[in-house]
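Here is the structure we will look at, set down as structure tokens.
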Amino acid sequence: MDKAGWSKTLQFRMTLAMTLSGLVPIFGCHIIMFGASHDIIPTFMSLLPWYLPLAALLIAVNWFLAKLILKPINRLIQSATQLASMDIRTRLETDADESTETLELRKSFNKLLNRLEESLNSQCQFVADASHELRTPLTSIQGYTKLLMRRGDNIDASLLSEALQTVTDESGRLIRLVSDLLQLARADAGQSIIAQKEIIDLRDVVRSVEDTVTMVAPEQVEVQFIIPKSPVWIDADMDKLKQVFLNLSNNAVKATQAGGKVTVTLRASNETAIIRVIDTGIGIAPADQQRIFDRFYRVERSRTRSKLYGGGTGLGLAIALTIIKAHGGSIELESELNKGSTFTVKLPMAKVETDDDDKDAMPFSEAEDEARIAE
Ligand code: ADP
578 MDKAGWSKTL
588 QFRMTLAMTL
598 SGLVPIFGCH
608 IIMFGASHDI
618 IPTFMSLLPW
628 YLPLAALLIA
638 VNWFLAKLIL
648 KPINRLIQSA
658 TQLASMDIRT
668 RLETDADEST
678 ETLELRKSFN
688 KLLNRLEESL
698 NSQCQFVADA
708 SHELRTPLTS
718 IQGYTKLLMR
728 RGDNIDASLL
738 SEALQTVTDE
748 SGRLIRLVSD
758 LLQLARADAG
768 QSIIAQKEII
778 DLRDVVRSVE
788 DTVTMVAPEQ
798 VEVQFIIPKS
808 PVWIDADMDK
818 LKQVFLNLSN
828 NAVKATQAGG
838 KVTVTLRASN
848 ETAIIRVIDT
858 GIGIAPADQQ
868 RIFDRFYRVE
878 RSRTRSKLYG
888 GGTGLGLAIA
898 LTIIKAHGGS
908 IELESELNKG
918 STFTVKLPMA
928 KVETDDDDKD
938 AMPFSEAEDE
948 ARIAE
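Our numbering applies: residue 578 is where the sequence shown begins, and numbers increase by one.
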């Protein structure tokens, strides 16, 4: 500690306060006793040889007492300072005999360390998963390019075409993966994942998703979109919402075997836009349902590659949830193994003046919705 530093210590300040609180009553008594006789100063001077040692004694005793009181805090400072150079898994010792305040402080420190360790672990896991995901397509690209180089001029047309197709697919996968990672990194850094919000009719988003999904879904899977007649206004980033519903619909199509059905419904209820993506596919086990929105989490059985985007990155639902939350909405999942899944997205509706035609054609009620799905 530097020379000026000691005067800023808690021990010095406590000593000063305790000594002053001892001296003030003494001087108060002096004034009361000698104030009336107008000889406060001479009597004070004559008693000074008593007062001075008394003040010195008070300072010494209070310095010692302050040190005693602050001992647990000093011990805490020492342990916390040691922590800085120790493993993140180390925790402060908690001794039940310690004073309540410092014990609570130690516990709070440990809670903070738990959270830090958790976030560090998830960051490490994220880096490991991301590296693994990046490595797979890169290995494939490298394998094919090496093969082409080895064959030189002796390469037949079908192998060349297969190699080029793989390189194109895998590089596309890499681009998607990197752009997904970028979106999540921006969201983690506190930047908004949505670019620009504007008042849009959610039916336009759903219709554009319908155009893509019906084009790429296998013929054996029935795809049905139920869209209301009246607009469903929301304040949103259209492209991002399209990304969410494409992801949900794409997953539903991937999970549905031949003869199954994927239904997407849109309706409005109590100022909330409700979009449901329902499939009669393989379903998701309860244990997987809890982790489905985690980054890179994939349920092994449905690891098939889709025609819609090529192989998934395992980040689709994590990004979807981030986008929907950024719009003030929520995503719920209901699923039963071998029966199918329903993802329900709820978004707050924007307050827009509607004309009379729109009022006549209110969006479907839940009952009407169910009737249409059952058809
Ligand atoms: P991906 O981009 O790989 O599709 P997602 O985050 O979108 O990743 O989905 C994560 C995993 O959740 C998928 O790999 C799949 O196993 C599972 N999943 C998502 N939707 C469904 C669904 N409708 N039915 C069954 N499994 C699903």
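Note that beta-carbon positions come from the ideal geometry of N, C-alpha and C, so glycine has one too. Please read all numbers here as calculations on a predicted model, not as lab measurements.
{"Check": "Runs of alpha helix (DSSP H) lying entirely within the region 755-831, each at least 4 residues, in chain order", "Outcome": "779-793"}
{"Check": "beta-carbon Ser735 near the ligand ADP non-hydrogen atom, thresh 7 Å", "Outcome": "no"}
{"Check": "Residue range of the alpha helix (DSSP H) that includes Gly720", "Outcome": "Thr677 to Arg728"}
{"Check": "Classification of Lys884 by the beta-carbon crowding that lies within 10 angstroms, buried from 16 upward", "Outcome": "A caution first: Lys884 carries a pLDDT of 41, below 50, which makes its placement in the model unreliable, though a value can still be read off. Counting Cβ neighbours within 10 Å, Lys884 comes out exposed, since fewer than 16 surround it."}
{"Check": "Straight-line gap, Val798 to Ala835 (C-alpha atoms, nearest Å)", "Outcome": "5 Å"}
{"Check": "Glu747 and Pro714 closer than 8 Å at C-beta", "Outcome": "yes"}
{"Check": "Own chain partners of Ser879 with C-beta closer than 7 Å, once the 5 adjacent residues on each side are dropped", "Outcome": "Confidence at Ser879 is low in this model, with a pLDDT of 46, below 50, so the placement of that residue should be treated as unreliable; the coordinate-derived value is given next. Lys831, Ala832 and Ile859."}
{"Check": "Sufficient close CB pairs (3 or more, under 8 Å) joining the region 764-777 to the region 787-806", "Outcome": "no"}
{"Check": "Unbroken alpha helix (DSSP H) run spanning Ser907, endpoints", "Outcome": "Where Ser907 is concerned, there is no enclosing alpha helix (DSSP H), although the beta strand (DSSP E) it sits in stretches over Ser907 to Glu913."}
{"Check": "Own chain partners of Gly814 with C-beta closer than 7 Å, once the 5 adjacent residues on each side are dropped", "Outcome": "Looking at the sequence shown, residue 814 is not Gly but Asp. Once the five neighbours on either side are set aside, the close Cβ partners of Asp814 are Ile771, Ala772, Gln773 and Lys774."}
{"Check": "Extent of the continuous alpha helix (DSSP H) run through Val638", "Outcome": "Ile617 to Ala661"}
{"Check": "Buried versus exposed, by CB contacts within 10 Å (16 or more), Gln719", "Outcome": "exposed"}
{"Check": "Touch test, the region 890-905 against the region 747-761, Cβ-Cβ under 8 Å, three pairs minimum", "Outcome": "yes"}
{"Check": "Option in Trp627, Asp871 and Met591 with minimal Cα separation from His607", "Outcome": "Trp627"}
{"Check": "Separation of Arg692 from Phe920, as counted between CA atoms", "Outcome": "30 Å"}
{"Check": "The region 785-793 touching the region 897-916, judged by at least three CB pairs closer than 8 Å", "Outcome": "no"}
{"Check": "Where the beta strand (DSSP E) containing Leu850 begins and where it ends", "Outcome": "The sequence given here places Ala at residue 850; Leu does not occur at that position. Taken as a continuous stretch (DSSP letters only), the beta strand (DSSP E) holding Ala850 covers Thr849 to Asp856."}
{"Check": "Leu629 burial status per 10 Å Cβ neighbour count (16 or more: buried)", "Outcome": "exposed"}
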